[in-house]
């Protein structure tokens with residue numbers, strides 16, 4: 003008797019979820035230390051000590067009716083001002099409190115943004131391979147995902163976008179650093195995309211929004227630069243989450259940036275605040291808003307991800323796995339050693355390696371490796387990667 | 003260029019919101035102490051000391067990767083078990099962890115429930131006067147609100163529901179204790195409604211869900227009993243929030259109860275967890291889940307609301323205002339002293355009384371008084387109520 007759409011979603015299930023259950027099974031059989039779980043994008047480094055310290059400080063010293071009470075649906079003004087100043091300091095932007103809406107993570111922010119801009123039937127471009135949860139966010143508002151095929155070596159396929167874009171395109175979602183590939187798009191790629199969107203906005207006579215989903219912004223390697231998209235394209239909305247940078251995925255805290263130069267700025271900001279309210283978020287959780295307001299520049303110690311990446315790239319490269327080294331996030335996306343990536347990942351499971359098939363991200367012929375795991379687990383797993391490669395040789 | 007629906011929502015604005023701005027204006031002119039703001043349903047009593055104590059305990063002593071990490075989309079199992087046991091203790095129910103989904107407040111829970119059950123075009127019954135935000139929740143999923151006219155003296159209009167219900171009715175939202183009236187529906191009323199829904203479910207050959215929105219459950223007067231709806235009707239889903247009982251509206255913490263006896267229980271529970279994920283909530287905020295798990299039976303000191311109610315009922319009664327005394331929540335819903343409640347509330351503003359017109363709740367000819375305010379403010383405001391009544395005499 004429940005909604006048919008939800009029924010089919012339950013029946014089709016989630017591959018990553020199934021893998022999670024499978025992993026628990028294998029751990030029971032072989033022992034947790036002998037199962038190498040690369041399937042989950044869950045931070046493996048603790049929040050900085052300042053999170054605990056500031057949360058306790060706020061609980062002990064700020065007025066409790068302020069800390070736990072209702073505030074504007076956009077969030078506390080002082081918190082938004084603090085985050086805006088942090089962005090300005092770090093990225094040379096010019097935001098104020100009025101450009102920010104505190105959100106229930108980036109997932110909440112993207113839903114708010116899509117509710118704000120989409121009409122039923124509007125198309126939203128996504129670049130394969132991609133986090134397929136975007137499909138659900140888009141279809142929540144009766145939008146239609148339009149998939150741009152992958153570029154060579156994880157490059158942003160702007161030419162491909164030019165072929166997929168139509169008069170019905172209302173938005174483009176960009177995720178850099180990228181899940182599942184670890185790609186960080188270069189300034190040249192961003193400029194080419196901005197150029198395309200400007201041309202097409204003019205041609206079709208309506209704004210095409212660029213939605214930047216960037217929870218991995220702070221996780222980059224070898225000094226990779228992540229261009230701040232609002233500086234390249236006017237109608238950009240930025241969704242951010244502290245889930246990865248502060249290792250706080252459970253707290254559901256993030257923000258949406260709406261730059262003053264977007265079309266109908268005042269209306270857009272108000273509509274986003276209304277969307278935040280009526281979607282049932284109401285406001286981002288209050289205590290953690292206040293924590294963020296006190297430590298807007300901080301991150302967890304993220305060095306573990308660089309260390310893990312180095313080991314995996316060196317060793318998997320040596321074994322003959324083919325991949326483009328990730329420049330950010332905590333994922334890599336090597337080619338599967340047989341064309342059918344689902345079969346390949348099933349085979350990997352025989353070596354107690356839990357890998358996610360690239361097909362789950364609309365990137366067949368590959369697999370995703372989430373290296374937000376302990377360095378020791380990677381070391382222990384190398385023998386299995388070697389045996390898996392040997393099997394296919 | 004944003005969604006037309008959102009644009010019109012911004013343009014039509016919120017009456018309560020407008021009143022909030024107006025209140026700030028009046029406070030600037032007359033001084034905050036000389037403006038009597040009865041417009042907002044924001045708790046005026048602090049959270050119990052245990053909230054601060056347990057939150058700090060958890061931050062200092064529980065593993066931080068557990069406290070702030072991802073958990074199942076339904077919430078921590080130990081927290082759900084603790085809440086289930088609390089409900090069983092207090093209401094004689096028989097819930098386990100598997101019957102609960104922790105949600106981003108009751109607003110989040112209602113959205114999850116509606117996403118789970120509604121097909122486009124399904125009708126959802128609401129009893130006037132009602133919290134009109136329900137309209138937005140329903141239309142998020144392309145449902146259609148069907149309004150049952152008010153009963154006499156705030157009684158539940160079951161006969162009216164029988165006339166409004168159709169084969170397209172998928173759910174009925176019940177809010178007891180009620181916003182905006184303060185009504186608490188009796189066991190006899192609940193039984194009559196359950197009886198109607200059973201008859202109509204059988205007649206139409208599909209489940210009609212009863213959605214209980216009950217954030218005010220713990221705020222009752224003169225020993226009023228609030229029947230636990232799952233005991234009266236099989237296909238009941240309960241949405242709860244700690245916003246009012248623990249004075250934590252900013253933290254966005256609540257739960258959804260899905261009893262084992264609902265149709266297709268397993269499927270429904272899984273679909274609700276998926277809905278929680280894809281709507282962008284992902285999970286209820288983790289730290290406050292853990293706080294609730296430790297103090298599932300506690301409330302703020304709620305005695306201020308009884309004290310305020312007594313004073314207002316006595317004095318407004320004496321002045322000739324006509325109303326049914328609230329049995330719960332922190333609202334009363336007197337008749338306006340002229341038929342046009344919007345004009346009446348505008349007149350009240352001249353006496354620096356901020357009241358919300360009943361029309362904003364589809365209950366014209368009345369006004370809502372939110373008495374979650376300081377007792378002293380009520381005392382100071384009585385002269386204005388007296389003058390307002392005198393004006394109309």
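Residue numbers (the working numbering), protein chains in the order written: chain B, 3 to 395; chain H, 3 to 395. Just so it is clear, CB atoms sit at the ideal spot from N, CA and C, and this is done for glycine as well.
Distance cut-off 7 Å: residue i Cβ against heavy atoms of the ligand FAD
i	result
residue 188(H)	Summarising the ligand content, the structure contains no ligands, and the ligand FAD is consequently not present.
For residue i, three-class secondary structure by DSSP
i	result
residue 172(H)	strand
residue 348(H)	helix
residue 214(H)	strand
residue 254(H)	coil
residue 308(H)	helix
residue 60(B)	helix
residue 393(H)	helix
residue 188(H)	coil
residue 47(H)	coil
residue 222(B)	strand
residue 139(H)	helix
residue 373(H)	coil
residue 294(H)	helix
residue 209(H)	coil
residue 73(H)	coil
residue 266(B)	coil
residue 166(H)	helix
residue 239(B)	strand
residue 199(H)	helix
residue 39(B)	strand
residue 330(B)	strand
Nearest-angstrom Cβ-Cβ length linking residue i and residue j, presumed shorter than 8 Å
i	j	result
residue 255(B)	residue 213(B)	Wrong, their Cβ atoms sit about 19 Å apart, outside the cutoff.
residue 161(H)	residue 149(H)	No, residue 161(H) and residue 149(H) are not in contact; Cβ-Cβ is about 15 Å, not under 8 Å.
residue 373(B)	residue 307(B)	7 Å
residue 358(H)	residue 10(H)	Not a contact, Cβ separation roughly 21 Å.
residue 377(B)	residue 289(B)	Rounded, the Cβ-Cβ distance is 32 Å, inconsistent with contact.
residue 253(B)	residue 287(H)	6 Å
residue 273(B)	residue 12(H)	5 Å
residue 304(H)	residue 47(H)	7 Å
residue 54(H)	residue 223(H)	Rounded, the Cβ-Cβ distance is 28 Å, inconsistent with contact.
Proximal residues of chain B, C-beta to C-beta of residue i below 9 Å
i	result
residue 66(H)	48, 49, 53, 54 and 249
residue 208(H)	3
residue 265(H)	3 and 4
residue 288(H)	250, 251, 252, 253 and 254
residue 107(H)	282, 283 and 284
residue 135(H)	279 and 280
Rounded separation between residue i and residue j - CA only
i	j	result
residue 352(B)	residue 204(H)	51 Å
residue 50(H)	residue 243(H)	16 Å
residue 140(H)	residue 147(H)	7 Å
residue 347(H)	residue 64(B)	36 Å
residue 384(B)	residue 317(B)	8 Å
residue 116(B)	residue 215(B)	12 Å
residue 37(H)	residue 349(H)	14 Å
residue 269(B)	residue 246(H)	31 Å
residue 336(H)	residue 299(H)	33 Å
residue 393(B)	residue 343(B)	15 Å
residue 30(B)	residue 263(B)	55 Å
residue 211(H)	residue 281(B)	21 Å
residue 61(B)	residue 69(B)	8 Å
residue 35(H)	residue 379(H)	8 Å
Contact set between residue i and chain H, taken where Cβ atoms lie within less than 9 Å
i	result
residue 285(B)	251, 252 and 254
residue 112(B)	282
residue 118(B)	4, 5 and 8
Proximal residues of chain B, C-beta to C-beta of residue i below 7 Å
i	result
residue 123(H)	The contacting residues do not exist; residue 123(H) stays about 12 Å from chain B at best.
residue 72(H)	44, 251 and 252
residue 61(H)	54, 57 and 58
Residues that residue i contacts on chain H, provided the C-beta gap is smaller than 7 Å
i	result
residue 258(B)	Simply none; closest approach about 11 Å.
residue 2(B)	What is shown of chain B runs 3 to 395, which leaves residue 2(B) out entirely.
Buried/exposed call for residue i, threshold 16 Cβ in 10 Å
i	result
residue 168(H)	exposed
residue 172(B)	buried
residue 25(H)	buried
residue 152(H)	buried
residue 82(B)	buried
Contact list for residue i against chain B, beta-carbon separation under 8 Å
i	result
residue 11(H)	273, 276 and 280
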